[in-house]
Amino acid sequence: METPKIELLYFTGKTCGVCKVLKPKLLDAVQENFPNVDIRVVDVEEEIEFTGQSMVFTLPVVILKADDKEMYRFARSFSVYEVLEKLKRLSGE
61 METPKIELLY FTGKTCGVCK VLKPKLLDAV QENFPNVDIR VVDVEEEIEF
111 TGQSMVFTLP VVILKADDKE MYRFARSFSV YEVLEKLKRL SGE
């Protein structure tokens, strides 16, 4: 079975304190453990239309997609570990 194309969308904003702390930890952990995952950081203030289309109304938000289909969504309070666990499941590890 072919492994799906996995994408991580990280929605952040300039005034989001949690985003600033979580972003480097999460992105480093994902790149280290899942180098094939495409990461896209979305600044909600610059990409207003895409943010609305993605139904993002709070920060931070992480969306995991497999083959362009949303599989998991994390909002506000979540851990790096939770995201890594779902990525492990998606990638079949």
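In terms of the numbering used here, the sequence shown is residues 61 to 153.
C-beta atoms are modelled at their ideal positions from N, C-alpha and C, and glycine is treated no differently.
Item to complete: Could you say which of 97, 149, 91 and 103 lies nearest to residue 121 if we only look at CA atoms?
Response: 103
Fill in: CB-CB length for residue 64 against residue 127, believed under 8 Å
5 Å
Item to complete: Would you please state the rounded distance, in angstroms, between the beta carbons of residue 73 and residue 105? I believe it to be under 8 Å.
Response: Here residue 73 really is in contact with residue 105; their C-beta atoms are around 6 Å apart, less than 8 Å.
Item to complete: Count the other CB atoms, across all protein chains shown, that sit within 10 Å of the CB of residue 70; report buried if there are 16 or more and exposed otherwise.
Response: Buried.
Worksheet item: Where residue 110 and residue 93 are concerned, what is the direct C-alpha to C-alpha distance, given to the nearest angstrom?
Response: 28 Å
Fill in: Pairwise C-alpha distance: residue 151 and residue 131
12 Å
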